[in-house]
Structures are given as C-alpha cells and as structure tokens.
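Engineer:
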Amino acid sequence: MVSYIFLLCNRTKKLNINIGTIETIAAVHLPKLLNEYKRKNPKIQINLKTDNSIKLIEHVKNREMDCAFISGNINDKDLICTNIFNEKLVILSQKSNFKQNINENKSIIMFGEGCFYRKIFEDWLNYHDINIENKMTLNTLDGILGCVEAGLGIAFLPMSVLNKGNSDGIEITKVEESFQTISLNIIYRQDNKNNNVINQLKQVAFEKMKSNIIK
C-alpha cells in the first residue's frame, strides 16, 4: 500500500512543470505556445515565473525550475541550451525623435542587470561612443514601451514586442548586423534530457516556430 501511494505521488509530481521565462518571451510568444502545449497535455499543471536570463539560469541549475526560456547563448556543463528561434533587435524611440533623444542625452530605458538585451545595448552604445548617463531600469515590458512612447528615452528590444496596439507612437531604428540578432533558447539540466514533460514542451516550441517567429 505504501509503495502504491509513493508511486501515485511520483506520477502526480510528473504532471507539473515549472517554467521560467524572460519578460519579452512571456509577453509575446508564450501565450500561444503554452496554449498549444496545454491542449496537447491537458493534465499537466504549468507554473510560470518571469526573471532575467542570469537568474533563470541559476534557478534551473538549482532545480528550482524544470526549464527556462532565455535570450542569448550559454555554455554550462550542467545545462542543455537549445535554440528555438532568433529575433531581430532594434532601437525604439518616440516617433521621429531618435536623433533628438540621442542629442539631448535622454535616458536609456532597460531591464535590470542580468538581461542580455541590456548587455548588447550597452555594447552598441560603446561602439558608437555614445555616453548616456541617465538610465531607467524597469521590470515590465509595458513600462518600458510606455516610457519610450512618452519620449522619456530610448530602448533596445526585439521588434516582435511591437504590435498594432502599441507601435503607433514608437519609431524603429535598425542597428548593424552584428548587434541585431539574438537567439532565444530553452535551457534545462543535463540530467533532465530524457524528461518527457520538458521534451514535449520543446517539441511544441519547435512546431510553433515559423520563419523564426512564433505565430
């Protein structure tokens, strides 16, 4: 009887998946992806948490999450990092005000430390010898886009964060090829490589990927 209860508990545990994700993936791509995953696996309970890529890596390594969707590549012997799709990064500014924002030394608006977008943005600014001391750190995509549209500064994010409802007051400025592409990956522990729940999620992500954009 005890063995049966133990087996039942183990089976129940396998029906849960703890997923981590960065804010932009959560806002743009995950709703449809997880809806499809849930449709194919209705008994699985999904627990979702957002954080920056660096913290998500630690959460997965420490077994606090089963897997995570992050931006940027990593090289860690304990983790498997699989590319799901690539995104194009652009500079976002108030409509027709990109040069003015730069010249007036307005703020750069970014996610906090540990965000790969932030690192690439800082590299781009250094590449062009642009020194903007004013930095606004926000933790939500809506907050960043709202501040950009209000003319408070510029941001550096995937083009996919813009849609018909939030792009009217925002101008897109393309950057050099060496700065414009970032990989979005799913990571999980090496000892979870045969985990069916994680592999099913990864497969759904691949299936939903078309022309490097999840539709």
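Residue numbers are given in the UniProt record's numbering: position 23 of the sequence shown equals residue 23, and the series is strictly consecutive.
All C-beta atoms, glycine included, are put in the ideal place defined by N, C-alpha and C.
Everything numeric in this text was worked out from a predicted model, so none of it was measured.
Going by DSSP, what residues sit across from R189 in a beta bridge?
Structural biologist: Taking the first residue of the sequence shown as position 1, residue 189 is located at position 189. Answer is L79, bridged to R189.
Engineer: Which residue marks the beginning of the alpha helix (DSSP H) containing P158, and which one marks its end?
Structural biologist: Walking along the sequence shown from the start, residue 158 turns up at place 158. Taken as a continuous stretch (DSSP letters only), P158 belongs to no alpha helix (DSSP H), being part of the beta strand (DSSP E) at 153 to 158.
Engineer: Short of 7 angstroms in beta carbon distance, which residues of its chain neighbour K202, apart from the five on each side in sequence? Order them along the chain.
Structural biologist: Here the question's residue 202 lines up with position 202 in the sequence shown. Taken in chain order, the residues that qualify are T82, I186.
Engineer: Given this structure, state the Cα-to-Cα distance separating K40 from I46, to the nearest angstrom.
Structural biologist: As a working mapping, residue 40 is identified with position 40 in the sequence shown. As a working mapping, residue 46 is identified with position 46 in the sequence shown. Distance between the alpha carbons of K40 and I46 is about 13 angstroms.
Engineer: Look at the alpha carbon of M65 and the alpha carbon of S71, and state the distance between them as a whole number of angstroms.
Structural biologist: On the sequence shown, residue 65 is found 65 positions in, with the first residue counted as 1. On the sequence shown, residue 71 is found 71 positions in, with the first residue counted as 1. About 17 angstroms.
Engineer: Against chain B, with Cβ distances strictly below 7 angstroms, would G146 count as a contact?
Structural biologist: Absent from the structure: chain B. Only one protein chain is present.
Engineer: Rounded to whole angstroms, what's the CA-CA distance from M110 to K49? Just pull it up for me.
Structural biologist: As a working note, residue 110 is residue 110 in the sequence shown. As a working note, residue 49 is residue 49 in the sequence shown. Cα-Cα distance, rounded: 19 angstroms.
Engineer: Can at least three beta-carbon pairs, one atom from the stretch 136 to 147 and one from the stretch 161 to 180, be found at a separation below 8 angstroms?
Structural biologist: Contact between the stretch 136 to 147 and the stretch 161 to 180 is present, because at least three Cβ pairs lie under 8 angstroms.
Engineer: Measuring alpha carbon to alpha carbon, tell me which of E207, F179, P42, K95 ends up nearest E149.
Structural biologist: Stepping through the sequence shown from its first residue, residue 149 is reached at position 149. Residue K95 is the option with its Cα nearest to E149.
Engineer: Below 7 angstroms CB to CB, which residues in the same chain sit around I214 once its five sequence neighbours on both sides are set aside?
Structural biologist: For the purposes of this step, residue 214 is identified with residue 214 of the sequence shown, where counting begins at 1. Note that I214 has pLDDT 49, beneath the 50 cutoff, so the model's placement of it is unreliable and the number below is only indicative. Cβ within range, chain order: H29, K32, L33, F85, K208.
Engineer: Does DSSP classify T24 as helix, strand or coil?
Structural biologist: In the sequence shown, residue 24 corresponds to position 24, counting from 1. T24 falls in the helix class under three-state DSSP.
Engineer: Between which two residues does the beta strand (DSSP E) containing E171 stretch?
Structural biologist: By one-based count along the sequence shown, residue 171 stands at place 171. From DSSP, the beta strand (DSSP E) with E171 extends over 170 to 173.
Engineer: Using the Cα positions of A205 and L184, report the straight-line distance between them to the nearest angstrom.
Structural biologist: Here residue 205 is taken as the residue at index 205 of the sequence shown, counted from 1. Here residue 184 is taken as the residue at index 184 of the sequence shown, counted from 1. Approximately 11 angstroms between the Cα atoms of the pair.
Engineer: Relative to the C-alpha of R189, which candidate in G20, E23, G153, D78 has its C-alpha closest?
Structural biologist: The residue you call residue 189 lines up with position 189 of the sequence shown. Ranking the options by Cα distance to R189, first place goes to D78.
Engineer: Is the Cβ-Cβ distance between I17 and I44 less than 7 angstroms?
Structural biologist: Looking up residue 17 in the sequence shown gives position 17. Looking up residue 44 in the sequence shown gives position 44. Result yes, Cβ atoms of I17 and I44 sit closer than 7 angstroms.
Engineer: Excluding the five sequence neighbours on either side, which residues of its own chain have a C-beta within less than 7 angstroms of the C-beta of I25, listed in chain order?
Structural biologist: Position 25 of the sequence shown, counted from the first residue, corresponds to residue 25. Here the set comprises F69, L184.
Engineer: Whole angstroms is fine: what's the gap from V197's alpha carbon to L15's?
Structural biologist: Start at 1 with the first residue of the sequence shown, and residue 197 comes out as number 197. Start at 1 with the first residue of the sequence shown, and residue 15 comes out as number 15. Computed Cα separation, rounded: 8 angstroms.
Engineer: Please confirm whether any heavy atom of the ligand FMN lies closer than 6 angstroms to the CB of G20.
Structural biologist: As for the ligand FMN, it is missing from this structure, which has no ligand bound.
Engineer: Please name the residue or residues paired with residue 216 in a DSSP beta bridge.
Structural biologist: The structure shown does not extend to residue 216, since the chain is modelled only from 1 through 215, so no value can be given for it.
Engineer: K174: buried (16+ other C-beta within 10 angstroms of its C-beta) or exposed?
Structural biologist: Here residue 174 refers to the residue found at position 174 when the sequence shown is read from its first residue. Burial call: exposed.
Engineer: Cα-Cα, which of M136, I74, W124 is closest to V90?
Structural biologist: Walking along the sequence shown from the start, residue 90 turns up at place 90. When each option's Cα is compared against that of V90, the closest is W124.
Engineer: Taking S53 as the reference, which of N194, I154, N139 has the closest Cα?
Structural biologist: Position 53 of the sequence shown, counted from the first residue, corresponds to residue 53. For the residues N194, I154, N139, the minimum Cα distance to S53 belongs to N139.
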